[in-house]
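Peer 1: Numbering (UniProt numbering), first residue to last: 1 to 339.
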Amino acid sequence: MVPTPPRAPALPDGGATAAAPRIDEIDVLRGFALFGITLANTIDITGMPTGGSGAAYWAHETLLNQRFFPIFAFLFGLSFGLFLDAAARTARDPRTIMAARLGFLILFGAAHRLLQPREILLTYAVIGIIVLLPASYLPRRWLLALGAVATAVALALNGSIAFIPGLFLLGYAVQRYGPGRLLGLPTSRLAVALTVGAALALVLNALQITTDAGAWLGALAGLVTATAYLAGLLLLLRTPAERALRMLAPVGRMALTCYIGATVLIVAADRVLHLGRAPDYPAAMALGLCVFAVEFAFCALWLRHARYGPLEWVWRCLTWWRLVPIRRDRPGAHGRKSS
């Protein structure tokens, strides 16, 4: 049964929670992860046969498949901590609110699973309830240690879904230490992380496609590649490319809408393309790019007028068990600022 939280106290802006400043860089990272996930998931959603050889196949296996999922899982744990802290500012029992939030995510995941049997939201919600809620009582050093151990154990189990608990805990630990510690890492350290990570990823990905070392090698290659992506993106946010990268933030803010919406768009397009008939990686990647482009434009336009994405708003209303404002206030209207 999905828990029903107590009503949250009304606030001056009519919302159900205190408006915590968003961390744009986190939204950019999440938007970047969704970009890769959309491309990779196109093959799963359409049921396209995998395997073969050639540049397109190897690019999918070494650059996309299971390479963005670790970033998304890590950010889910980090966002768990951010929401829990925000709920604590207005609710007597923020963990009850968080339990409701995850409980309703189960419903979103169950509905989504009708279109995409391998969708991850339901799994995230269940693991969040089982792992993250109890972990919220632990000191942050324990979160970091447990996250590292759980990730190592998952690697021994060939990764995939087994990575989720450890990555959740690592993300939550980073939030407890302060996201600024990650975002504010010295450029020299990020450069070293990118250099070492990219070199290791190159070697591991080459071994993955040229040897038969087992699923654990692919899992390790995916984790290292994701780490290199993360370090590279954080570095790029300190360059003139920052302005362009920040355009991904609206997608990151509307992650739930985009994740489910991508499935709907891909399923609809595949009624014409029929990608499930034979391997066609270029066509699948082209479809994924088109879907992401549509969502990219939609998110930018939608958030000009709304505070939350459509499904994010529904999720927030269910979590707090009340209607919360969705329209973005005009600057200066009634002396309020939009949040």
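Glycine included, each C-beta is placed from N, C-alpha and C at the ideal position.
Since residue 94 is in the alpha helix (DSSP H), which residue starts that stretch and which ends it?
Peer 2: Element bounds for residue 94: 94-112.
Peer 1: As a quick exercise: from 135, 57, 24, 66, pick the residue whose alpha carbon is nearest that of residue 340.
Peer 2: The structure shown does not extend to residue 340, since the chain is modelled only from 1 to 339, so the question has no answer here.
Peer 1: Tell me whether residue 242 is buried or exposed, calling it buried when 16 or more other Cβ atoms sit within 10 Å of its Cβ.
Peer 2: Answer is exposed; the Cβ neighbour count stays below 16.
Peer 1: Can you tell me whether residue 306 is helix, strand or coil according to DSSP?
Peer 2: Strand.
Peer 1: Residue 178 and residue 166: beta carbons closer than 8 Å?
Peer 2: Against a cut-off of 8 Å, the Cβ pair of residue 166 and residue 178 comes out as no contact.
Peer 1: Have a look at 216, 245, 227, 203 and flag the residue whose alpha-carbon is nearest the alpha-carbon of residue 24.
Peer 2: It is 245 whose Cα lies nearest to the Cα of residue 24.
Peer 1: Could you give the uninterrupted runs of the alpha helix (DSSP H) lying entirely in the UniProt domain "DUF418" (191-322), keeping only those of 4 residues or more?
Peer 2: Correct list: 215-236, 242-245, 249-253, 255-273, 281-302, 310-320.
Peer 1: Please report the Cβ distance between residue 235 and residue 202, rounded to the nearest whole angstrom; I am assuming they are in contact, meaning their Cβ atoms lie under 8 Å.
Peer 2: Rounded, the Cβ-Cβ distance is 18 Å, inconsistent with contact.
Peer 1: Which same chain residues, not among the five before or five after residue 220, have their C-beta less than 8 Å away from its C-beta?
Peer 2: Cβ neighbours of residue 220 beyond the five flanking positions: 155, 159, 204.
Peer 1: Mind checking whether residue 253 and residue 309 have CB atoms under 8 Å apart?
Peer 2: Yes, they are a contact pair.
Peer 1: Within this structure, are the beta carbons of residue 66 and residue 222 separated by less than 8 Å?
Peer 2: Closer than 8 Å, so yes.
Peer 1: DSSP on residue 141, reduced to helix/strand/coil?
Peer 2: DSSP places residue 141 in helix when its eight states are reduced to three.
Peer 1: Apart from the five residues just before and just after residue 317, which ones in its own chain have a Cβ nearer than 7 Å to its Cβ?
Peer 2: These residues qualify, in order along the chain: 323, 324.
Peer 1: Apart from the five residues just before and just after residue 327, which ones in its own chain have a Cβ nearer than 7 Å to its Cβ?
Peer 2: The answer, listed in chain order, is 305, 306.
Peer 1: Is DSSP giving residue 348 helix, strand or coil here?
Peer 2: The chain is shown only over 1 to 339; residue 348 falls outside these bounds and no answer can be derived.
Peer 1: When the Cα of residue 290 is compared with those of 22, 38, 32, 96, which residue comes out closest?
Peer 2: With distances taken between Cα atoms, residue 290 lies closest to 38.
Peer 1: What are the start and end residues of the alpha helix (DSSP H) that includes residue 67?
Peer 2: Run containing residue 67: none; DSSP gives neither H nor E here.
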